[in-house]
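These notes concern the structure reproduced below.
Number of protein chains: 2
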Amino acid sequence: MSSADAAPLFAALGDATRLALLARLSTHGPGSIARLAEGVPVSRQAVTKHLEVLSHAGLVRDRRRGRERVWALEPHRLTDAKRYLDRISAQWDDALARLARLVEE
Amino acid sequence: MSSADAAPLFAALGDATRLALLARLSTHGPGSIARLAEGVPVSRQAVTKHLEVLSHAGLVRDRRRGRERVWALEPHRLTDAKRYLDRISAQWDDALARLARLVEE
DNA sequence: GCGATAAGCAACTCCGGAGTTGCGTTTTGA
DNA sequence: TCAAAACGCAACTCCGGAGTTGCTTATCGC
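Protein chains in written order, with the numbering used here: chain D, 459 to 563; chain A, 459 to 563.
Structure follows, in structure tokens:
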């Protein structure tokens, strides 16, 4: 995953309401829009938009069941984000180690 | 780190230009604003703003040296972000495991 | 069939993020 | 000491994100 791909993913995670929705999905399991809107201080429409942002980032998935639209977690992309952070973290460690060596010499 | 604290951190990572600046700092080491602006297709002022966003998120640190302002990586907060992702990732795994168990029974 | 529930659609406001431009200030170094 | 380099400040545009409101559509349960 390049940095161009990673930016939208982190941007999707960069909102408190969306993180709250992810947390609720994690603790309470899959839920409809109305149900998810109960746990967050915004309107149902706002929740819909946030869920679609998360869906576009690949972090959640929706399934229609009758008149409901049930949203659930999609763990693949979160693993991508973790791997990306691991990679740049390792790069940072290398960079800092090189600097430390330069300072010592 | 709560989700309210994590959101601004991920938001800081959620921009391709900022990720490019972090990558350049990682590979080329610390650098001045003008130097960093060379590697990215925006103006020097835009780079300054991006660096201040990263600084406010705790991801970089600046040091003045004469007429230059040298920016360097600050690895602590990135570790925070990794830990946060690890935590919610574990929560997701738990949630999905519980669901799988429910489906089996 | 009908009221109630769940969600979609569309238009709107508001605000801040991203970027640029112009100009002023400080520091270098020859 | 003086031109150039490096940066700060301030104002401006542009656009999209976040949120709301009003209304319509679809579906459930009875």
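Even glycine gets a Cβ: it sits at the ideal position worked out from N, Cα and C.
Is aspartate 520 of chain D close to chain A, meaning its C-beta is less than 8 Å from at least one C-beta of that chain?
It does not: the Cβ of aspartate 520 of chain D has no partner Cβ on chain A nearer than 8 Å.
Leaving out five residues before and five after proline 466 of chain A in sequence, what residues of the same chain have Cβ atoms less than 7 Å from its Cβ?
The residues are Ala515.
Hey, does isoleucine 491 of chain A have any beta-carbon neighbour from chain D nearer than 8 Å?
For isoleucine 491 of chain A, the answer is no, since every Cβ of chain D falls outside 8 Å of its Cβ.
Could you check if histidine 486 of chain A is buried or exposed, using at least 16 other CB atoms within 10 Å of its CB as the buried criterion?
Counting Cβ neighbours within 10 Å, histidine 486 of chain A comes out exposed, since fewer than 16 surround it.
When you compare each of A:Asp552, A:Leu483, A:Arg523 to valine 505 of chain A by their alpha carbons, which one comes out closest?
Per the Cα distances, A:Leu483.
What residue range is occupied by the uninterrupted beta strand (DSSP E) comprising leucine 494 of chain A?
That residue, leucine 494 of chain A, is in no beta strand (DSSP E); its alpha helix (DSSP H) goes 491 to 496.
Taking glycine 497 of chain D and valine 528 of chain D to be in contact with their CB atoms under 8 Å, please state how far apart those CB atoms are, rounded to whole angstroms.
The pair is not a contact, with the Cβ atoms about 15 Å apart (cut-off 8 Å).
Between leucine 509 of chain A and chain D, is there a C-beta pair that is closer than 8 Å?
Chain D contact via Cβ: absent.
Kindly list the residues whose CB is nearer than 8 Å to the CB of alanine 470 of chain A, restricted to its own chain and excluding five residues on each side of it in sequence; keep chain order.
Closer than 8 Å at the Cβ level, and outside the excluded window around alanine 470 of chain A, lie Arg476, Val511, Leu512, His514, Ala515, Leu517.
From serine 501 of chain A to leucine 479 of chain A, what distance separates their C-alpha atoms?
Answer to the nearest angstrom: the Cα atoms are 13 Å apart.
Are the beta-carbon atoms belonging to lysine 540 of chain D and aspartate 538 of chain A less than 8 Å from one another?
No, Cβ-Cβ distance for lysine 540 of chain D and aspartate 538 of chain A is not below 8 Å.
Let me make sure I understand the geometry here. Which of A:Ala530, A:Arg535, A:Leu557 has the alpha-carbon closest to that of glutamate 532 of chain D?
Closest by alpha carbon: A:Leu557.
Of all the CB atoms in chain A, is at least one closer than 8 Å to the CB of glycine 497 of chain D?
Chain A, which has no Cβ nearer than 8 Å to the Cβ of glycine 497 of chain D, makes this no.
Check whether the Cβ atoms of serine 461 of chain A and alanine 481 of chain D sit closer than 8 Å, and answer yes or no.
It is a contact, given that the beta carbons lie within the stated cut-off.
Report yes if the CB atom of tryptophan 550 of chain A is closer than 8 Å to the CB atom of leucine 536 of chain D, and no otherwise.
Taking 8 Å as the Cβ cut-off, tryptophan 550 of chain A and leucine 536 of chain D qualify as a contacting pair.
Going by beta-carbon coordinates alone, are alanine 530 of chain D and arginine 519 of chain D separated by less than 8 Å?
Yes, the Cβ-Cβ distance between alanine 530 of chain D and arginine 519 of chain D is below 8 Å.
Nearest by alpha-carbon distance to arginine 521 of chain A: which of A:Asp463, A:Ile491, A:Arg559 is it?
That would be A:Ile491, whose Cα lies nearest to the Cα of arginine 521 of chain A.
Which runs of the alpha helix (DSSP H) spanning at least 4 residues fall entirely within the stretch 507 to 549 of chain D, listed in chain order?
Whole alpha helix (DSSP H) segments, 4+ residues: zero.
With 8 Å as the C-beta to C-beta threshold (strictly closer), list the residues of the stretch 539 to 550 of chain D near chain A in chain order.
Taking 8 Å as the Cβ-Cβ cut-off against chain A, the residues of the stretch 539 to 550 of chain D that qualify are Ala539, Lys540, Leu543, Asp544, Ile546, Ser547, Gln549, Trp550.
Nearest by alpha-carbon distance to histidine 534 of chain A: which of D:Leu554, D:Glu526, D:Tyr542 is it?
Comparing Cα-Cα distances from histidine 534 of chain A to each of D:Leu554, D:Glu526, D:Tyr542, the minimum goes to D:Leu554.
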